[in-house]
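One structure is given here, and the rest of the page talks about it.
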Amino acid sequence: MSDPLHTQLCEKLGIEYPVVAFTHCKDVAVAVINSGGFAVLGEAMHTPDHIAEDIKWIRDRVGGKPFGIDLVLPAAAPEEKTVEELMAMIPQQQRDFEQAIKKKYDVPEPKDAPDLHTWGGLDQKRALDQLEVIFDEKVPVFASGLGSPAFILDRAHQLGMQVWGLVGKPRQAKKQIAAGTDVIIAQGYDAAGHTGTIGTFSIVPQVVDAARGTGVPVIAAGGITTGRHLAAALALGADGVWTGSLWLASRESDLNQPLKERLIEAGTEDAVFSNCISGYTMRTTRSPWHDEWASADAPPVLKPPLQMMLSSDYIQGSLDYQRKDLMTEAAGQGIHYITEMKPARQILSDLVEEALDVFDAFADDDE
Ligand SMILES: Cc1cc2nc3c(=O)[nH]c(=O)nc-3n(C[C@H](O)[C@H](O)[C@H](O)COP(=O)(O)O)c2cc1C
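Residue numbers for the sequence shown follow my numbering, beginning at 66 and rising by one.
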């Protein structure tokens, strides 16, 4: 049998394993890239200068190997607003509710302004300024985590960049393929972070069908934390996997220790689907913030980006003061399988070994 893990994605990127790590941590990204996988660094929270520094930092450590940067391009966000203007748009009812939660759980105030205040999803201007750095640096792969990247395709292709689109619905995939997107990530409901309602097992084959004959590789995402998931994704016709939760508790991950412990302890049912963090549906670990917004006396959740502005102090305060009882983080249903802190290289090799064992077992059955 030829190597079942050597897919067209490996050819397209010159990588050994069809495993993409989505991470906010540069050390994780570099470890995965230098171990034969591919990594996309989430930079939506950062200023253009910070993004430029991170790109240089990665380039200095991967010896010319390709990497990606992920931003969000939310078409529904306002054109340009300061943090103060956005804050002023938050109605008193929701403000009062936030204050009541903080009082009830003794939530500490963040030490500095939360990172979320530089999130590219707050307005169009922030996202477009972040994008300019991606073009200036001619980043090998640009991935759009939220919103269609169709409007940047020509410019990116002229610069020799690949553009990847993350979708949660087959019709979004069809549109993005027709527009010329280079790679489609089909992300299912199981996933961490912003996600739609179609399960991974349902969306991946539908997007694979939509891409058939176009030469556009499809990457499966959502709940992939073991080699069995990797083998299953390839069996569904995907050319690789895009993984987020898998790396959160890795040795290299810069999350603080109590949060890593919380993630290691968490099971599938702790990874809840709610719009209470950002106003978009999102999968994150359950916390008092979730419980309160799900209660009968909670006011309506605000539309993006206002809900993110409202939740950011709670999130940052819990992290700054290592309040494990309050913490929440984006996490997918596959978090059940995150049970220890391992180096990223080992996480990748365990994933690959287990997938190969699955394929070997099928091959043995045929003999
Ligand atoms: C902590 C965390 C933050 C995330 N932030 C983003 C983001 O900024 N942009 C994005 O495109 N995806 C983001 N995601 C989602 C991932 O790109 C990926 O689709 C998801 O983690 C896949 O599901 P899995 O966690 O079950 O592997 C995030 C995921 C995690 C775990």
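Cβ coordinates follow ideal geometry from the N, Cα and C atoms, glycine included.
| Query | Result |
| --- | --- |
| Cβ contact check for the segment 248-263 and the segment 215-224: 3 or more pairs under 8 Å | no |
| Any non-hydrogen atom of ligand 1 closer than 6 Å to F87 Cβ | yes |
| Cα-Cα separation between I80 and L74, rounded to whole angstroms | 8 Å |
| Contact under 7 Å by Cβ, P156 with D188 | no |
| Residue interval of the alpha helix (DSSP H) (run including T265) | T265 to A276 |
| T404 classed as buried or exposed, judged by whether at least 16 other C-beta atoms fall within 10 angstroms | exposed |
| Nearest neighbour of D422, chosen from T291, G399 and E326 [CA to CA] | T291 |
| Extent of the continuous beta strand (DSSP E) run through I284 | V283 to A286 |
| Status (buried if at least 16 other CB within 10 Å, exposed otherwise) for T262 | exposed |
| Whole-Å CB distance - A285 paired with A300, under 8 Å assumed | That pair is no contact at about 10 Å. |
| CA-to-CA distance, G233 to V85, given in whole angstroms | 17 Å |
| Check: Q252 C-beta below 6 Å from any heavy atom of ligand 1 | yes |
| Contact check, Y379 vs V172, beta carbons under 7 Å | yes |
| Nonlocal neighbours in the same chain, by C-beta distance under 6 Å from A192, ignoring five residues either side | L138 and G185 |
| Backbone secondary structure at V148 - three-state DSSP | helix |
| Spatial distance of G128 from G225 (CA atoms) | 19 Å |
| Proximity winner among E326, C341, Y345 and S267, relative to D356 (alpha-carbon distances) | C341 |
| Spatially closest choice to F216 from V228, K91 and G305, by CA coordinates | V228 |
| Cβ-heavy atom distance, D135 to ligand 1, below 6 Å | yes |
| Sequence-distant residues of the same chain with beta carbon closer than 8 Å to G332, five excluded per side | I400 and H401 |
| Touching by the beta-carbon criterion (3+ pairs, under 8 Å), the segment 194-203 and the segment 95-113 | yes |
| Classification of E334 by the beta-carbon crowding that lies within 10 angstroms, buried from 16 upward | exposed |
| Continuous beta strand (DSSP E) assignments of at least 3 residues falling wholly in the segment 342-382 | 347-350 |
| Residues near M152 in its chain [Cβ-Cβ closer than 8 Å; skip 5 each side] | M374 |
| I329 vs T308 beta-carbon contact at 7 Å | no |
| Local conformation of V47 per DSSP, three classes | What is shown of the chain runs 66 to 432, which leaves residue 47 out entirely. |
| Closest by C-alpha distance to A363, when choosing among R160, G102, H182 and G230 | R160 |
| Any non-hydrogen atom of ligand 1 closer than 6 Å to A395 Cβ | yes |
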